[in-house]
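Structure (structure tokens):
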């Protein structure tokens, strides 16, 4: 944990010095939200009960930009008090990223994050923290932050990581990119196994036309389960893909390949498994509306102590109805097929979630929100009741107005 904390600190410090070269004023804001609501099974427990709650959250952010790049630092801290046996729950995240242009052909990017959560439905699988700016037509979909194997358990999950990426423009139509990512996941209450991973990737892109780009990418990942040798794995995933701008508003990203997984077994032997890996994403964006759908399949480490096949799908819709009214819809699906060799048992876990948020700006600093939601885990080990929720709240922004 200390090594990953040091990596996070180094990455954050790498972001901070860039502000000294900023040509524009830093954009600083702090959102303070107060709300309340009711949920029928907020943590998706097998024996969950209906509970009312109040929530207070603090979300600071900093954005700095100059002619050589930009830096973002943000996070949130949330305290929820339940009027039931659930007691109180604290969750938080800290994220930092900086992108710098070294010369006319070379860009570098450094990212870091730390998160701690207990509600997988609210914090990880359904309500994704933050609203990152789109990069290119559409980023390929990724796996859930927390795998479904521990969703609905009484476990706090802490994850921390950092990454470094470098992109190089070969000529007007082709480029190379490479990077390294370090991650650590730590599960409380003895529910699962802590693990660390290190990933290196290299990719090549070539423009066939102003609207069409082909991509080649290979990822190499080493997974280390702490305190045990069984489950330690090596993952190699080569992929080929296409980025297509179908129209001024519509963009498509698709890639396909394989995941080769080598896993250490308890008897000193190893297993080899090859499976399909790929992703697809389609986005329709206009100034006042956006609709994105995506899906992906890949081999990922899980808290059970081995690599499993993870399938994800999502849909997001956001529209500004008027100058002060906005509506957002989100749906998430995740499946963890724990069929990897070396896992203690075979298990299939599905997660389904949906939410809708209506927000109205009372003025340029205060907004009122209403969010109904639904989430459910389908587990072949034990039945779990669905969670129906309704949250209302007020958000006040200090610093940069909306």
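Numbering (the working numbering), first residue to last: 337 to 738.
No residue lacks a Cβ here, since even glycine has one placed at the ideal position from N, Cα and C.
C-alpha distance - residue 664 paired with residue 645, whole-angstrom precision = Counting from 1 along the chain shown, the entry for residue 664 is found at position 328. Counting from 1 along the chain shown, the entry for residue 645 is found at position 309. If you take the alpha carbons of residue 664 and residue 645, they lie about 30 Å apart.
inquiry  = To the nearest angstrom, how far is the alpha carbon of residue 405 from that of residue 436?
reply    = Here residue 405 refers to the residue found at position 69 of the chain shown. Here residue 436 refers to the residue found at position 100 of the chain shown. Going by the C-alpha atoms only, they are around 4 Å apart.
Among 377, 640, 619 and 699, the one whose alpha carbon lies nearest that of residue 584 = By 1-based counting over the chain shown, the position of residue 584 is 248. Here the closest residue by C-alpha is 619.
inquiry  = Assuming the contact rule is C-beta atoms closer than 8 Å, residue 488 and residue 720 should be a hit. Round their C-beta distance to whole Å, please.
reply    = For the purposes of this step, residue 488 is taken as the residue at position 152 of the chain shown. For the purposes of this step, residue 720 is taken as the residue at position 384 of the chain shown. Yes, residue 488 and residue 720 are in contact; Cβ-Cβ is about 6 Å, under 8 Å.
ask   = Alpha carbon to alpha carbon, how far is residue 520 from residue 431?
value = One-based indexing of the chain shown puts residue 520 at position 184. One-based indexing of the chain shown puts residue 431 at position 95. Rounded to the nearest angstrom, the two C-alpha atoms are 15 Å apart.
Complete runs of the beta strand (DSSP E) confined to the region 560-623 [at least 3 residues] = Residue ranges of uninterrupted beta strand (DSSP E) with 3 or more members, entirely inside the region 560-623 and ordered along the chain, are 569-581, 586-600 and 606-622.
inquiry  = Judging by CA-CA distance, which residue of 366, 361 and 360 is the nearest neighbour of residue 735?
reply    = The residue you call residue 735 lines up with position 399 of the chain shown. Of the candidates 366, 361 and 360, the one whose C-alpha sits nearest the C-alpha of residue 735 is 366.
query = Mind checking residue 496: buried by the 16 CB within 10 Å criterion, or exposed?
reply = Here residue 496 refers to the residue found at position 160 when the chain shown is read from its first residue. Classification of residue 496: buried, given that the 10 Å Cβ count is 16 or more.
inquiry  = Restricting to Cα atoms, I'd like to know which of 534, 713, 708 and 579 is closest to residue 559.
reply    = One-based indexing of the chain shown puts residue 559 at position 223. Nearest option by C-alpha distance: 534.
key: Residues bridged to residue 712 (per DSSP)   = Residue mapping note: residue 712 aligns to position 376 of the chain shown, counting from 1. DSSP output for residue 712 lists 688 as bridge partner(s).
request  = Using 10 angstroms around the beta-carbon of residue 723, count the other beta-carbons present and answer buried if the total reaches 16, otherwise exposed.
outcome  = Sequence index remark: in the chain shown, residue 723 carries index 387 (1-based). Buried: at least 16 other Cβ atoms inside 10 Å.
query = With respect to the beta strand (DSSP E) encompassing residue 418, which residues constitute its N-terminal and C-terminal limits?
reply = Counting from one through the chain shown, the residue named residue 418 turns up at place 82. Counting along the chain, the beta strand (DSSP E) containing residue 418 begins and ends at 405-418.
message = Here's the rule I'm using: 16 or more other beta-carbon atoms within 10 Å means buried, otherwise exposed. How should residue 622 be labelled?
response = Counted from its first residue, the chain shown places residue 622 at position 286. Exposed: under 16 other Cβ atoms inside 10 Å.
inquiry  = The beta strand (DSSP E) that contains residue 496, what's its start and end?
reply    = Indexing the chain shown from 1 puts residue 496 at position 160. Its beta strand (DSSP E) spans residues 493-505.
ask   = Just the Cα atoms here: how many angstroms apart are residue 565 and residue 601?
value = As a position in the chain shown, residue 565 is number 229, starting the count at 1. As a position in the chain shown, residue 601 is number 265, starting the count at 1. The alpha-carbon atoms of residue 565 and residue 601 are separated by roughly 8 Å.
task = Below 7 Å CB to CB, which residues in the same chain sit around residue 593 once its five sequence neighbours on both sides are set aside?
result = If you number the chain shown from 1, residue 593 lands on position 257. These residues qualify, in order along the chain: 573, 574, 575, 576, 613 and 614.
inquiry  = Quick test of the definition: if touching needs 3 or more C-beta pairs under 8 Å, does the region 382-400 touch the region 410-428?
reply    = yes
task = Classify residue 657 as buried or exposed, calling it buried when 16 or more other Cβ atoms lie within 10 Å of its own Cβ.
result = Taking the first residue of the chain shown as 1, we reach residue 657 at position 321. With a 10 Å radius around the Cβ and a threshold of 16 neighbouring Cβ atoms, residue 657 comes out exposed.
query = Would you report the Cα separation of residue 395 and residue 705, rounded to the nearest angstrom?
reply = Counting from one through the chain shown, the residue named residue 395 turns up at place 59. Counting from one through the chain shown, the residue named residue 705 turns up at place 369. Between residue 395 and residue 705, the C-alpha separation is close to 16 Å.
message = One question on the structure: do residue 538 and residue 554 come within less than 8 Å of each other, judged by their Cβ atoms?
response = Numbered from its first residue, the chain shown carries residue 538 at position 202. Numbered from its first residue, the chain shown carries residue 554 at position 218. It is a contact, given that the beta carbons lie within the stated cut-off.
request  = Can you tell me which of the three DSSP states residue 543 falls into?
outcome  = Here residue 543 refers to the residue found at position 207 when the chain shown is read from its first residue. In the structure shown, residue 543 sits in a strand (DSSP, three-state: E or B).
key: Rounded C-alpha distance that separates residue 408 from residue 360   = For the purposes of this step, residue 408 is taken as residue 72 along the chain shown, with counting starting at 1. For the purposes of this step, residue 360 is taken as residue 24 along the chain shown, with counting starting at 1. One C-alpha to the other measures close to 14 Å.
request  = For residue 556, name the three-state secondary structure that DSSP assigns.
outcome  = Counted from its first residue, the chain shown places residue 556 at position 220. Strand, per DSSP.
ask   = Would a C-beta distance cut-off of 8 Å place residue 400 and residue 725 closer than the cut-off?
value = Start at 1 with the first residue of the chain shown, and residue 400 comes out as number 64. Start at 1 with the first residue of the chain shown, and residue 725 comes out as number 389. Cβ distance not < 8 Å, so residue 400 and residue 725 don't count as in contact.
request  = Mark residue 737 as exposed unless 16 or more other C-beta atoms lie within 10 angstroms of its C-beta, in which case mark it buried.
outcome  = Along the chain shown, read from residue 1 onward, the residue named residue 737 stands at position 401. By the 10 Å Cβ count, residue 737 comes out exposed.
inquiry  = Can you tell me where the beta strand (DSSP E) holding residue 522 begins and where it ends?
reply    = Locating residue 522 in the chain shown gives position 186, counting from the first residue. It spans 510-523 - the beta strand (DSSP E) in which residue 522 sits, taken as one unbroken run.
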